[in-house]
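Visitor: Residue numbers (the UniProt record's numbering): 1 to 97. Think of the CB as a built atom: it goes at the ideal place given N, C-alpha and C, for glycine as much as any other residue. Keep in mind the model is a prediction, meaning the values are calculated, not measured. Questions regarding the structure given below will be posed in turn.
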Amino acid sequence: MKPVLFNNVEFKEIMQYVQELVKQSGNIPDEETRELTAEILKYFDLMHREPLSRMLQAIERSYPDLKDTLKQDYTINTLLELYDFENTNLPDTQEKT
1 MKPVLFNNVE
11 FKEIMQYVQE
21 LVKQSGNIPD
31 EETRELTAEI
41 LKYFDLMHRE
51 PLSRMLQAIE
61 RSYPDLKDTL
71 KQDYTINTLL
81 ELYDFENTNL
91 PDTQEKT
């Protein structure tokens, strides 16, 4: 399977679109559907947060120098911030294309 790759600008656009969709989901007129959507988003978040946390712990234990490389990638840094891992001592990264 060939991975799908996006440049930083495309990734930012995707993130903005997803944020807009989540915002729109709060306006779903049917309460049951709105609650179901919120529940799906909650568990989707949890389903990714735990493995990401474990991957970061493994990297820090086994490959501490790899963190420096990851710190410089805008998309990875954005993902870590999204999942509240900004306390991993990641420095500010600049948005590059």
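Residue 98: buried (16+ other C-beta within 10 angstroms of its C-beta) or exposed?
Guide: Because the chain is modelled from 1 through 97, residue 98 falls outside the range shown and cannot be assessed.
Visitor: Please report how far the alpha carbon of Arg34 lies from the alpha carbon of Glu13, in whole angstroms.
Guide: For the purposes of this step, residue 34 is taken as the residue at position 34 of the sequence shown. For the purposes of this step, residue 13 is taken as the residue at position 13 of the sequence shown. C-alpha separation (whole angstroms): 24 angstroms.
Visitor: Give a yes or no on whether the C-beta atoms belonging to Ser53 and Thr37 are separated by under 7 angstroms.
Guide: Start at 1 with the first residue of the sequence shown, and residue 53 comes out as number 53. Start at 1 with the first residue of the sequence shown, and residue 37 comes out as number 37. No, they are not a contact pair.
Visitor: Does DSSP put Asp45 in a helix, in a strand, or in coil?
Guide: Within the sequence shown, numbered from 1, the residue matching residue 45 stands at position 45. Looking at Asp45 - three-state DSSP - the assignment turns out to be helix.
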